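Chains as they are written, first to last, in our numbering: chain A, 2 to 220; chain B, 2 to 220.
In this text, a Cβ means the ideal position worked out from N, Cα and C, and glycines have one as well.
Predicted model, so just to flag it, every value in this text is computed and none were measured.
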DNA sequence: GGCGGAACTCATCATCTGTTGACTTCTCTG
DNA sequence: CAGAGAAGTCAACAGATGATGAGTTCCGCC
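Here you go:
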């Protein structure tokens with residue numbers, strides 16, 4: 002970037018020839034939200050430790066100190082980022098509304114759908130951060146278990162002694178598709194169209210939800 | 002670890018009273034391997050960016066510079082770490098040996114078994130590193146696809162037009178159990194006994210391997 | 001017995017990180 | 001129109017990190 006040496010003597014009596022770069026910016030851009038979006042994208046791409054305040058600030062076109070000005074510490078920024086812009090209760094309610102026989106497919110469609118939506122970035126940020134921050138991992142796990150899997154299982158009337166196993170199985174299959182598609186971007190999983198995956202994964206979820214468990218303990 | 006102040010006067014005639022801290026160490030401990038193990042453990046616990054040379058060196062009871070002495074750069078160390086001490090071809094051959102009808106269960110048993118074995122640490126290190134190093138991710142993906150999933154699918158005679166979808170589904174379920182159990186340590190998945198998981202996950206894998214695909218494209 | 005090289009440590013470097021505080025500029029309120 | 005405070009920038013800090021190179025100690029070979 003060549004330095005601006007244009008003299009421009011006394012063009013406007015109050016304005017200096019070179020525009021100031023410090024101080025409050027004119028206009029009213031919602032800078033806070035801009036920073037949050039940049040943070041989401043960066044956390045999603047690099048994880049918590051991999052992301053840097055400087056990188057996030059650059060992405061938002063802003064001074065690094067401004068990030069601290071708004072959010073204090075990096076951890077605080079992460080916490081603010083993880084506020085996922087999707088109402089899980091609502092979504093789960095919609096899914097559980099239909100017939101139980103096709104619940105698995107609807108569940109698969111919901112999970113894959115939400116991750117393909119704009120909210121997916123925030124979710125990916127949360128996921129990636131969970132991988133190197135156990136505290137975040139705990140938050141996500143508890144939320145997922147009580148708000149999503151738990152409620153769905155309760156809805157289908159799962160017997161208590163099977164609850165843990167079925168929850169574990171459900172989590173494993175959902176986690177696997179999402180991890181493979183959106184975090185590790187494994188081929189051929191990542192490029193598979195949603196419509197191809199939903200019925201198959203849905204069938205698996207359905208079995209984990211209401212299907213018979215293979216004789217536990219028998220060979 | 003408290004410092005060892007035991008005087009042990011003149012235990013060996015040639016040893017000075019105060020052990021020297023610099024220079025070559027006596028005896029013949031395989032220090033290189035010690036460092037590798039420490040690196041595996043650290044990479045598995047913290048991922049690539051999260052792990053530090055100093056941390057690895059401390060874990061191995063060694064000067065940080067020695068790590069560079071042996072492995073050059075951090076990336077080289079990672080590459081040396083990822084050499085997984087398990088022969089996949091062998092394992093896959095064992096699994097594919099039995100009857101096709103129970104292949105899924107044997108596959109599930111193998112995957113969960115290997116990860117529960119000592120080799121699991123190395124695998125976890127590779128996995129975690131894959132999350133923040135796309136190059137490693139690519140290596141793992143290609144290896145997994147061609148050496149494991151690909152060979153198993155070829156063994157069952159999967160029609161070519163279904164190959165991608167079935168591979169994607171298999172990967173998603175295997176990845177999910179492993180990620181949940183060994184990387185994110187999600188409960189109740191992590192504490193579920195292997196024997197409880199194998200039959201259920203095995204059934205899913207079996208369907209992804211040889212079962213009918215739910216009418217693709219139909220509603 | 002001495003000597004070359006391997007094994008190992010120490011001190012140090014440049015760089016990058018999160019964070020801070022002083023400072024400037026704008027907007028809003030009374 | 002004055003001034004308080006929000007919005008924003010700048011320069012700098014301390015700490016940690018990967019890496020380097022010189023130096024020290026030991027082993028094995030001739």
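Spatial neighbours of residue 205 of chain B within its chain, please: CB distance less than 6 Å, with the 5 preceding and 5 following residues excluded, ordered by chain position.
-> Position 204 of the second chain, counting from 1, holds the residue named residue 205 of chain B. Contacts found: 174.
Let me know the secondary structure DSSP gives residue 160 of chain A once reduced to three states.
-> Here the question's residue 160 of chain A lines up with position 159 in the first chain. It is coil, neither helix nor strand.
C-alpha gap between residue 1 of chain B and residue 157 of chain B, whole angstroms | Shown here, chain B extends from 2 to 220; a query on residue 1 of chain B therefore has no answer.
The alpha helix (DSSP H) enclosing residue 69 of chain A, as first and last residue numbers | Here residue 69 of chain A corresponds to residue number 68 of the first chain, with the count starting at 1. From DSSP, the alpha helix (DSSP H) with residue 69 of chain A extends over 65-72.
Three-state class that DSSP yields for residue 89 of chain B in the structure shown = Walking along the second chain from the start, residue 89 of chain B turns up at place 88. DSSP places residue 89 of chain B in helix when its eight states are reduced to three.
Whose Cβ in chain A lies nearer than 7 Å to the Cβ of residue 51 of chain B?
-> Counting from 1 along the second chain, the entry for residue 51 of chain B is found at position 50. Those are 50 and 133, listed as they occur along chain A.
Could you say which of B:201, B:195 and B:184 lies nearest to residue 47 of chain B if we only look at CA atoms?
-> Here residue 47 of chain B refers to the residue found at position 46 when the second chain is read from its first residue. Residue B:184 is the option with its Cα nearest to residue 47 of chain B.
Would you tell me roughly how many angstroms separate the C-alpha atoms of residue 119 of chain B and residue 38 of chain B, rounded to the nearest one?
-> Numbered from its first residue, the second chain carries residue 119 of chain B at position 118. Numbered from its first residue, the second chain carries residue 38 of chain B at position 37. Their backbone Cα atoms lie some 11 Å apart in a straight line.
Return the residue from the list A:214, A:203 and A:216 that minimises the CA-CA distance to residue 101 of chain A.
-> Here residue 101 of chain A is taken as the residue at index 100 of the first chain, counted from 1. Ranking A:214, A:203 and A:216 by Cα distance to residue 101 of chain A puts A:203 first.
Closer than 9 Å, Cβ to any Cβ of chain A: which residues of the stretch 171-184 of chain B, in chain order?
-> 172, 173, 174, 175, 176, 177, 178, 179, 180, 181, 182 and 184
Chain B contacts made by the stretch 201-216 of chain A, where a contact means CB separation under 8 Å | 201, 202, 203, 204, 205, 208, 209, 214, 215 and 216
Anyone know if the C-beta pair for residue 226 of chain B and residue 142 of chain A falls short of 8 Å?
-> As shown, chain B starts at 2 and ends at 220. That puts residue 226 of chain B outside it, with no answer to give.
What does a CB cutoff of less than 8 Å around residue 167 of chain B pick up in its chain, not counting 5 residues either side in sequence?
-> For the purposes of this step, residue 167 of chain B is taken as the residue at position 166 of the second chain. Excluding positions up to five away in sequence, the list reads 154, 159, 209, 210 and 214.
Taking one C-beta from the stretch 46-65 of chain A and one from the stretch 131-148 of chain A each time, how about it: are there three or more such pairs within less than 8 Å?
-> yes
Tell me which same chain residues have a C-beta within less than 8 Å of the C-beta of residue 186 of chain A, skipping the five on either side of it?
-> Numbered from its first residue, the first chain carries residue 186 of chain A at position 185. Within the same chain, residue 186 of chain A has no close Cβ partners at all.
Do you know offhand how far residue 74 of chain B's Cα is from residue 31 of chain B's?
-> For the purposes of this step, residue 74 of chain B is taken as residue 73 along the second chain, with counting starting at 1. For the purposes of this step, residue 31 of chain B is taken as residue 30 along the second chain, with counting starting at 1. Between residue 74 of chain B and residue 31 of chain B, the C-alpha separation is close to 20 Å.
Indicate the three-state DSSP secondary structure (helix, strand or coil) for residue 208 of chain A in the structure shown.
-> The residue given as residue 208 of chain A occupies position 207 in the first chain. Residue state, collapsed to three classes: helix.
Per-residue DSSP class, three states only, for residue 170 of chain B | Sequence index remark: in the second chain, residue 170 of chain B carries index 169 (1-based). Three-state result, residue 170 of chain B: helix.
Run down chain A in chain order and give the residues with a C-beta less than 7 Å from the C-beta of residue 188 of chain B.
-> On the second chain, residue 188 of chain B is found 187 positions in, with the first residue counted as 1. Within 7 Å Cβ-Cβ: 142.
Have a look at residue 109 of chain A and residue 124 of chain B and give me their C-alpha separation to the nearest angstrom.
-> For the purposes of this step, residue 109 of chain A is identified with residue 108 of the first chain, where counting begins at 1. For the purposes of this step, residue 124 of chain B is identified with residue 123 of the second chain, where counting begins at 1. The straight-line gap from Cα to Cα measures roughly 29 Å.
For residue 119 of chain B, which of helix, strand or coil comes out of DSSP?
-> Against the second chain, residue 119 of chain B aligns to sequence position 118. If DSSP states are grouped into helix, strand and coil, residue 119 of chain B belongs with coil.
Beta-carbon neighbours of residue 162 of chain B, restricted to chain A and to distances below 9 Å | Residue 162 of chain B sits at position 161 when you count from the first residue of the second chain. Those do not exist, as residue 162 of chain B stays about 12 Å from chain A at its closest Cβ, beyond 9 Å.
So, helix, strand or coil for residue 216 of chain A, using DSSP?
-> For the purposes of this step, residue 216 of chain A is taken as residue 215 along the first chain, with counting starting at 1. Residue state, collapsed to three classes: coil.
Identify, in the order they occur along the chain, each residue of the same chain with its Cβ nearer than 8 Å to the Cβ of residue 181 of chain A, setting aside the five sequence neighbours on each side.
-> Within the first chain, the letter at position 180 stands for residue 181 of chain A. Hits under 8 Å: 187, 190 and 191.
Under 7 Å from the C-beta of residue 124 of chain B: neighbouring residues of chain A = Along the second chain, one-based indexing puts residue 124 of chain B at 123. Residues of chain A passing the Cβ test: none, with the nearest at roughly 14 Å.
Residue 36 of chain B and residue 68 of chain B look like a contact to me (Cβ under 8 Å); what is the Cβ gap, rounded to whole Å?
-> Here residue 36 of chain B refers to the residue found at position 35 when the second chain is read from its first residue. Here residue 68 of chain B refers to the residue found at position 67 when the second chain is read from its first residue. Between residue 68 of chain B and residue 36 of chain B the Cβ distance is about 6 Å, and since that is below 8 Å, they are a contact.
Could you check how far apart the C-beta atoms of residue 222 of chain B and residue 78 of chain B are, in whole angstroms? I think they sit under 8 Å.
-> Because chain B is modelled from 2 through 220, residue 222 of chain B falls outside the range shown and cannot be assessed.
Considering only residues of the same chain and omitting the five flanking positions on each side of residue 44 of chain A, which have a CB-CB separation below 7 Å?
-> The residue labelled residue 44 of chain A in the question sits at position 43 within the first chain. For residue 44 of chain A, where only same-chain residues beyond five positions count, the Cβ hits under 7 Å are 52, 79, 82, 126, 129 and 130.
Whole angstroms is fine: what's the gap from residue 55 of chain A's alpha carbon to residue 62 of chain A's?
-> For the purposes of this step, residue 55 of chain A is taken as the residue at position 54 of the first chain. For the purposes of this step, residue 62 of chain A is taken as the residue at position 61 of the first chain. When rounded, the distance between both Cα atoms is 10 Å.
From the beta carbon of residue 10 of chain A, is the nearest beta carbon of chain B less than 8 Å away?
-> Position 9 of the first chain, counting from 1, holds the residue named residue 10 of chain A. Caution applies to residue 10 of chain A, whose pLDDT of 35 falls short of 50 and renders its modelled position unreliable; the value that the coordinates give is listed next. It does not; no Cβ of chain B falls within 8 Å.
Please report how far the alpha carbon of residue 6 of chain B lies from the alpha carbon of residue 66 of chain B, in whole angstroms.
-> Taking the first residue of the second chain as 1, we reach residue 6 of chain B at position 5. Taking the first residue of the second chain as 1, we reach residue 66 of chain B at position 65. Here the model assigns residue 6 of chain B a pLDDT of 37, short of 50, so the residue's position is not dependable and the matter cannot be decided.
Along chain A, which residues have their Cβ under 8 Å away from the Cβ of residue 193 of chain B?
-> What you label residue 193 of chain B is simply residue 192 of the second chain in a count that begins at 1. Within 8 Å Cβ-Cβ: 165, 166 and 169.
Buried or exposed: which applies to residue 144 of chain B, given that a residue is buried once 16 or more other Cβ atoms fall within 10 Å of its Cβ?
-> Position 143 of the second chain, counting from 1, holds the residue named residue 144 of chain B. Exposed, since its Cβ has fewer than 16 Cβ neighbours within 10 Å.
Just the C-alpha distance for residue 116 of chain B and residue 106 of chain B, rounded to the nearest angstrom, thanks.
-> Position 115 of the second chain, counted from the first residue, corresponds to residue 116 of chain B. Position 105 of the second chain, counted from the first residue, corresponds to residue 106 of chain B. Those two C-alpha atoms are separated by around 16 Å.
Pairwise C-alpha distance: residue 64 of chain B and residue 19 of chain B = In the second chain, counting from the first residue as 1, residue 19 of chain B sits at position 18. In the second chain, counting from the first residue as 1, residue 64 of chain B sits at position 63. Note that residue 19 of chain B has pLDDT 48, beneath the 50 cutoff, so the model's placement of it is unreliable and the number below is only indicative. If you take the alpha carbons of residue 19 of chain B and residue 64 of chain B, they lie about 19 Å apart.
From this set, B:103, B:193, B:122 and B:93, which residue's C-alpha is nearest residue 146 of chain B's C-alpha?
-> In the second chain, the residue the question calls residue 146 of chain B occupies position 145. Cα-wise, what sits closest to residue 146 of chain B is B:93.
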